[in-house]
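Before any comments, here is the structure.
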Amino acid sequence: MNEKNSPRQLAEIASYHAHIYYAGQPERQHAEWLRLRIAERFRVRLGNWRDEPVGPHQQAMYQVSFANAVFATLVPWLMLNHGGLSILIHPNTTNPKRDHTVDPVWIGQALGVHEEVLGEEDEAEEALEVNTEPTLGA
Numbered sequence: 041m042n043e044k045n046s047p048r049q050l051a052e053i054a055s056y057h058a059h060i061y062y063a064g065q066p067e068r069q070h071a072e073w074l075r076l077r078i079a080e081r082f083r084v085r086l087g088n089w090r091d092e093p094v095g096p097h098q099q100a101m102y103q104v105s106f107a108n109a110v111f112a113t114l115v116p117w118l119m120l121n122h123g124g125l126s127i128l129i130h131p132n133t134t135n136p137k138r139d140h141t142v143d144p145v146w147i148g149q150a151l152g153v154h155e156e157v158l159g160e161e162d163e164a165e166e167a168l169e170v171n172t173e174p175t176l177g178a
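Here you go:
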């Protein structure tokens, strides 16, 4: 069977990233609020603040790395609490370009990515080591 006739397998997804974008101080303040609430509720890896565009990202952001098992609670929670921020959620497979441009989910306004800096083949990134200690439920 060729790719068009055979569905891709969920096992291709090693983990997920959510990129939470902000522009200007009011959005940065909500991004800070959101980051604190995420840390209180979810076992994830919160990445560094990137106040300037980096890699394929055209706007300031921070990354949230999370395991597949967290998707079902974190993503709906972000849908309800994004407060107008744009959030890119993408799987981590062996094709970063496809992950960011063909297979992502956007919450809020979809922004562009610099796809020319993304490779079409790489090792799928497992969820990074958790650096949060949730004390509240979603």
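Mind the numbering: the sequence shown is residues 41 to 178 in the numbering used here, read in order. Beta carbons: idealized from backbone N, C-alpha and C, even for Gly. Note that the coordinates shown come from a computational prediction; the quantities given were computed from them, not determined experimentally.
CB-CB under 6 Å to residue i, same chain, minus the five flanking residues each way: which ones, in chain order?
| i | result |
| --- | --- |
| N121 | none |
| M119 | I147 |
Taking 8 Å as the limit between beta carbons, can you name the residues of its chain near residue i, skipping five residues before and five after?
| i | result |
| --- | --- |
| G177 | R81 |
| E181 | Because the chain is modelled from 41 through 178, residue 181 falls outside the range shown and cannot be assessed. |
| R77 | N121 |
Measuring alpha carbon to alpha carbon, tell me which residue in the options is nearest residue i.
| i | options | result |
| --- | --- | --- |
| A181 | Q149, H130, V170 | Given a span of 41 to 178 for the chain in the structure shown, any question on residue 181 remains unanswerable. |
| L125 | S105, A109, V110, M101 | M101 |
| W117 | A58, P47, Q49 | A58 |
| S105 | F111, D91, L128, Y56 | Y56 |
| G148 | Q69, E155, I127 | I127 |
| G64 | A150, E92, A112, V110 | E92 |
| P66 | G123, A150, L151 | G123 |
| R90 | A112, A79, Y62 | Y62 |
| N88 | N45, M119, I60 | I60 |
Counting only the same chain and skipping the five closest in sequence on each side, list residues whose C-beta sits under 7 Å from that of residue i.
| i | result |
| --- | --- |
| D143 | H130, P131 |
| A107 | S55, A167 |
For residue i, is the classification buried or exposed, using 16 other Cβ atoms within 10 angstroms of its Cβ as the cut-off for buried?
| i | result |
| --- | --- |
| Q103 | buried |
| L74 | buried |
| H97 | buried |
| M41 | Because M41 sits at a pLDDT of 47, beneath the cut-off of 50, its placement in the model cannot be relied upon, and the point is left open. |
| D139 | buried |
| A71 | buried |
Could you tell me whether the Cβ atoms of residue i and residue j are closer together than 9 Å?
| i | j | result |
| --- | --- | --- |
| V145 | V115 | yes |
| P136 | E166 | no |
| T172 | L50 | no |
| T141 | E155 | yes |
| V153 | R83 | no |
| L151 | Q69 | no |
Point to revise | Length-filtered (4 minimum) alpha helix (DSSP H) runs lying within the stretch 102-132 | key: 111-121
Exercise for review: Report the residue ranges of all alpha helix (DSSP H) runs contained in full by the stretch 58-93; include only those spanning at least 4 residues, in chain order.
Suggested key: 64-81
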